[in-house]
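Q: Please see the structure below; I have some questions.
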Amino acid sequence: RGAAIAKQLLQFSRAEASKLVPVSLSQTVLEAKKFLEHSFPKTVLIDIIINVQHGLVLADGGQIHQMILNMCINARDAILARTDRPPGGRIVISLQPASGRLVEEKYGWNAAAHYVQLTIADDGIGIPEEFRLRIFDPFFTTKGIGKGTGLGLSIVHGIVTAHNGVIDVESRENIGSTFHVFLPAIEHQVIKDSSDQVEHARGRGETILLVEDEILLRDLLTEFLVRAGYSVIDAGDGEEGIAMFKAHANSIDLVLSDIGLPKLGGEQVFAAIRKIDPKAKVVFCTGFIEEAKRELLLEAGAMNIVQKPYKVPEVLSAVREALDRA
2 RGAAIAKQLL QFSRAEASKL VPVSLSQTVL EAKKFLEHSF PKTVLIDIII NVQHGLVLAD
62 GGQIHQMILN MCINARDAIL ARTDRPPGGR IVISLQPASG RLVEEKYGWN AAAHYVQLTI
122 ADDGIGIPEE FRLRIFDPFF TTKGIGKGTG LGLSIVHGIV TAHNGVIDVE SRENIGSTFH
182 VFLPAIEHQV IKDSSDQVEH ARGRGETILL VEDEILLRDL LTEFLVRAGY SVIDAGDGEE
242 GIAMFKAHAN SIDLVLSDIG LPKLGGEQVF AAIRKIDPKA KVVFCTGFIE EAKRELLLEA
302 GAMNIVQKPY KVPEVLSAVR EALDRA
């Protein structure tokens with residue numbers, strides 16, 4: 002058994018040139034999400050934020066799929082290990098472009114001018130500081146006997162290394178962990194992705210009220226909006242969203258809100274905001290909405306309804322179009 006495991010690790014430490022083909026990380030992430038949602042407990046939710054068009058990398062597609070699955074399984078286990086709340090939590094997978102300069106500054110390593118950054122964040126139990134330098138070692142595990150081989154993250158590390166990439170982790174106990182993977186991007190797609198970013202990054206200092214109850218999603222969306230040139234005020238539920246709008250009504254240019262919010266839903270938030278300012282601009286985001294409900298919201302004056310999983314260019318485009326509309 003030990004020899005078989007050693008052979009598996011060796012296989013994942015090599016990416017055979019004959020198997021390297023253009024692989025869309027965007028597509029791979031979406032496929033992995035579908036697979037994982039069928040096998041994970043319903044209490045473990047998976048969200049995606051995509052800020053690249055395709056996220057093309059030269060890779061062994063099977064290994065990249067395996068890498069994402071292993072990282073998400075690790076995140077699931079960390080979520081289910083928490084005993085301070087009911088079982089369950091959230092995994093957020095995001096993709097964005099990154100420059101070779103950034104990778105070199107952070108890690109002293111640079112194999113390409115452009116990278117695709119894959120981030121997988123969870124709100125699980127976290128990794129104790131004394132273990133963080135060892136989590137990619139073969140057979141190292143913080144799980145109990147019989148609850149894992151300790152190979153998942155070492156295989157991930159092997160795959161990343163074999164593809165001239167870099168991986169690291171940030172973690173806080175009982176807050177969660179965030180893994181960052183940087184893989185060299187295929188050059189011909191970088192020009193298009195970069196021009197897309199310029200096209201959509203057209204904030205002119207406007208202030209957006211972002212109402213999103215999931216903190217991981219809220220933080221990532223805030224980061225992307227700020228990068229695009231907007232100021233952001235955020236709120237974690239419907240009641241807070243209304244309170245923040247009341248407090249800053251004169252400076253808020255647009256409200257970007259989830260529909261499925263705790264305390265007060267998106268429709269109630271919309272009605273309350275429109276009472277305060279009948280001309281307030283509101284863009285909604287949702288994973289699923291019935292067509293009749295969608296039409297009612299648009300007829301009531303909602304500027305747009307953006308479908309989840311979040312694709313950042315779509316969100317930025319909807320925000321810009323709403324702001325530019327009279």
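For reference, each letter of the sequence shown is one residue, going 2 to 327 in my numbering. Note that beta-carbon positions come from the ideal geometry of N, C-alpha and C, so glycine has one too.
Under the rule that 16 or more other beta-carbon atoms within 10 Å means buried, what is Val191, buried or exposed?
A: Here the question's residue 191 lines up with position 190 in the sequence shown. Summary for Val191: the model assigns pLDDT 49, below 50, so the residue's position carries little reliability; its value from the coordinates is reported in the next sentence. Val191 comes out buried.
Q: Mind checking which residues open and close the alpha helix (DSSP H) that includes Ile80?
A: Within the sequence shown, the letter at position 79 stands for residue 80. Residues Gly62 to Leu81.
Q: Work out the CA separation of Ala113 and Pro42 for me, nearest whole Å.
A: Indexing the sequence shown from 1 puts residue 42 at position 41. Indexing the sequence shown from 1 puts residue 113 at position 112. Rounded to whole angstroms, Pro42 to Ala113 spans 38 Å at the Cα level.
Q: Can you tell me which of the three DSSP states Tyr116 falls into?
A: Here residue 116 is taken as the residue at index 115 of the sequence shown, counted from 1. It is a strand residue.
Q: Taking 8 Å as the threshold, find out whether the segment 100-120 comes into contact with the segment 173-190 through three or more Cβ pairs.
A: Judged by Cβ distances under 8 Å, the segment 100-120 makes contact with the segment 173-190, as three or more pairs qualify.
Q: CA-CA distance, Pro139 and His158?
A: Counting from one through the sequence shown, the residue named residue 139 turns up at place 138. Counting from one through the sequence shown, the residue named residue 158 turns up at place 157. Rounded to whole angstroms, Pro139 to His158 spans 10 Å at the Cα level.
Q: Rounded to a whole number of angstroms, what is the C-alpha to C-alpha distance between Gly239 and Phe285?
A: As a working mapping, residue 239 is identified with position 238 in the sequence shown. As a working mapping, residue 285 is identified with position 284 in the sequence shown. Going by the C-alpha atoms only, they are around 13 Å apart.
Q: Got a sec, what are the start and stop residues for the beta strand (DSSP E) Phe132 sits in?
A: Taking the sequence shown and counting its residues from 1, the one referred to as residue 132 is at position 131. Segment: none, Phe132 is in no beta strand (DSSP E) and carries neither H nor E.
Q: Express the C-alpha separation of Thr208 and Ser252 in angstroms, rounding to a whole number.
A: Reading the sequence shown from its first residue, position 251 is the one you call residue 252. Reading the sequence shown from its first residue, position 207 is the one you call residue 208. Computed Cα separation, rounded: 7 Å.
Q: Is it true that the CB of Gly127 sits closer than 9 Å to the CB of Glu174?
A: What you label residue 174 is simply residue 173 of the sequence shown in a count that begins at 1. What you label residue 127 is simply residue 126 of the sequence shown in a count that begins at 1. The answer is yes: Cβ separation under 9 Å.
Q: With DSSP collapsed to three states, give me the class of Thr44.
A: The residue you call residue 44 lines up with position 43 of the sequence shown. If DSSP states are grouped into helix, strand and coil, Thr44 belongs with coil.
Q: Can you find at least 3 beta carbon pairs, one from the segment 59-79 and one from the segment 98-107, that sit closer than 8 Å?
A: The segment 59-79 vs the segment 98-107: no contact.
Q: Terminal residues of the continuous alpha helix (DSSP H) containing Phe180?
A: Locating residue 180 in the sequence shown gives position 179, where the first residue counts as 1. Premise fails: Phe180 lies in the beta strand (DSSP E), Gly177 to Pro185, not in any alpha helix (DSSP H).
Q: Assuming Ile136 contacts Val170 under a Cβ cut-off of 8 Å, what Cβ separation, rounded to an integer in Å, is found between them?
A: Against the sequence shown, residue 136 aligns to sequence position 135. Against the sequence shown, residue 170 aligns to sequence position 169. With a Cβ gap of about 7 Å, Ile136 and Val170 count as contacting.
Q: Whose C-beta lies closer than 7 Å to the C-beta of Gly56 among residues of the same chain, with five residues either side of it excluded?
A: Counting from one through the sequence shown, the residue named residue 56 turns up at place 55. Counting only Cβ-Cβ distances below 7 Å, and skipping sequence neighbours, we find Ser25, Leu26, Ser27, Leu96 and Val117.
Q: So, with DSSP's three-state summary, where would you put Lys264?
A: Within the sequence shown, residue 264 is the residue found at index 263, counting from 1. In this structure, Lys264 counts as coil in the three-state DSSP scheme.
Q: Any idea if Ser196 is buried or exposed, counting beta-carbon neighbours within 10 angstroms, 16 or more meaning buried?
A: Working through the sequence shown from its first residue, we reach residue 196 at position 195. Low per-residue confidence applies at Ser196: pLDDT is 46, beneath 50, and the placement is therefore not dependable, though the value from the model is reported in the following sentence. Classification of Ser196: exposed, given that the 10 Å Cβ count is below 16.
Q: Could you check the C-alpha separation between Leu217 and Asp123 for me, to the nearest Å?
A: Within the sequence shown, the letter at position 216 stands for residue 217. Within the sequence shown, the letter at position 122 stands for residue 123. C-alpha separation (whole angstroms): 8 Å.
Q: Would His164 be called buried (16 or more neighbouring beta carbons within 10 Å of its own) or exposed?
A: Along the sequence shown, one-based indexing puts residue 164 at 163. When all chains shown are included, His164 counts as buried.
Q: Of all the alpha helix (DSSP H) runs that stay within the bounds of the segment 236-309, which reach a length of 4 or more residues?
A: If we require 4 residues or more, the alpha helix (DSSP H) runs fully inside the segment 236-309 come out as 239-249, 267-277 and 292-301.
Q: In terms of alpha-carbon separation, which member of Asn111, Val58, Gly266 and Lys282 lies closest to Leu257?
A: Here residue 257 refers to the residue found at position 256 when the sequence shown is read from its first residue. Among Asn111, Val58, Gly266 and Lys282, the Cα nearest to that of Leu257 belongs to Lys282.
Q: Give me the Cβ distance between Leu37 and Ile47, rounded to the nearest whole Å; I'm assuming they're in contact under 8 Å.
A: Mapped onto the sequence shown, residue 37 falls at position 36. Mapped onto the sequence shown, residue 47 falls at position 46. Right, the Cβ-Cβ distance comes to about 6 Å (below 8 Å), so this counts as a contact.
Q: Less than 9 Å separating the beta-carbons of Ile290 and Lys247?
A: As a first step, residue 290 is located in the sequence shown; it is residue number 289 there, counting from the start. As a first step, residue 247 is located in the sequence shown; it is residue number 246 there, counting from the start. No, Cβ-Cβ distance for Ile290 and Lys247 is not below 9 Å.
Q: For a test of the three-state rule: what should DSSP assign to Gly145, helix, strand or coil?
A: For the purposes of this step, residue 145 is taken as the residue at position 144 of the sequence shown. Unreliable placement is indicated for Gly145, whose pLDDT of 47 sits below 50; the coordinate value is still reported in the next sentence. DSSP places Gly145 in coil when its eight states are reduced to three.
Q: What are the boundary residues of the beta strand (DSSP E) that Val126 is part of?
A: Position 125 of the sequence shown, counted from the start, is the residue given in the question as residue 126. First, the residue type needs correcting, since residue 126 is Ile and not Val in the sequence shown. No beta strand (DSSP E) contains Ile126, which DSSP labels as neither H nor E.
Q: By DSSP, does Thr84 sit in helix, in strand, or in coil?
A: Position 83 of the sequence shown, counted from the first residue, corresponds to residue 84. Coil at Thr84, not helix or strand.
Q: Please list the terminal residues of the continuous alpha helix (DSSP H) segment that includes Leu211.
A: Mapped onto the sequence shown, residue 211 falls at position 210. Premise fails: Leu211 lies in the beta strand (DSSP E), Thr208 to Val212, not in any alpha helix (DSSP H).
Q: Can you say whether Leu297 is buried or exposed, counting buried as having 16 or more other CB atoms within 10 angstroms of its CB?
A: As a first step, residue 297 must be located in the sequence shown, where it is residue number 296. Exposed, because fewer than 16 other Cβ atoms sit within 10 Å of the Cβ of Leu297.
Q: Would you give the residue range spanned by the beta strand (DSSP E) that Leu96 belongs to?
A: Residue mapping note: residue 96 aligns to position 95 of the sequence shown, counting from 1. Per DSSP, Leu96 belongs to the beta strand (DSSP E) from Gly90 to Ser100.
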